[in-house]
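Read through the structure below, which is laid out as structure tokens, and then see the notes.
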Amino acid sequence: ADAGYITSFNNFSSMIMYTVAPLLIGRFLAKSYERNYRWIAIIAGVLCAILFPIGIGSYNMTVICVVYFITGLLFGPFIPAPKILLMKLKQISGPRAGTAVGMYFTLERIGQTVIGTIIAMSMVGENTDPVGTLQIVYLFYLVSPITMTIAYFLEKRDKKKEAAQAAPAAAE
């Protein structure tokens, strides 16, 4: 019963923020919405990877519930960001968008199955520490912020290349 109780804090706050976070970013940071959304999502993802192991490692029900509530708020910008930012890439948007998102979801589901199986198998046995395993697994949340950061710098580099190529063409 406690497991459902704890995760309900995360589910409740994340449902609110899936709707509210984009509105808040659009309202207060609309000038560079895409850039701001990306960096907020990256920071939220890193915070989730830090907070989850701290919360679960505390072994305190109140701390765990508060951490799950806070991380649910952080999920608002963090969880949808890779899919949204993926659709904004010129290589993926347009006619290839459905295929790209389909492949993304397929790989996501395969990853969830494999990682879930590894977690379950690592928790079986006499001398295992389920909390320690979960703390390590929560570090997987760092994968998304790292890839979003790399994508940001690659996009910046591509824009500089395009600008450099356009400059000589405009001079002619």
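Under the working numbering, the residue at position 44 of the sequence shown is numbered 45, and the numbers go up by one with no gaps. We put the beta carbon where it would ideally sit given N, CA and C, even for glycine.
Non-local C-beta neighbours of I41 in its own chain, meaning closer than 7 Å and more than five positions away in sequence, comprise I26 and P78, ordered along the chain. Boundaries for N61: no alpha helix (DSSP H) harbours it, and the DSSP string shows neither H nor E there. For T148, the secondary structure class from DSSP, reduced to helix, strand or coil, is helix.
DSSP places K91 outside both helix and strand once states are collapsed to three, so it counts as coil.
For T129, no alpha helix (DSSP H) run applies, since DSSP gives it neither H nor E. Burial check for P96: the Cβ neighbour count within 10 Å stays below 16, so the residue is exposed.
Taking T134 as reference, the option from S9, L108, Y38 and I57 with the minimal CA-CA separation is I57. By the Cβ neighbour-count rule, P169 is exposed, with fewer than 16 other Cβ atoms within 10 Å of its own.
DSSP places M124 outside both helix and strand once states are collapsed to three, so it counts as coil. In this structure N11 is buried. Its beta-carbon is surrounded by 16 or more other beta-carbon atoms within 10 angstroms.
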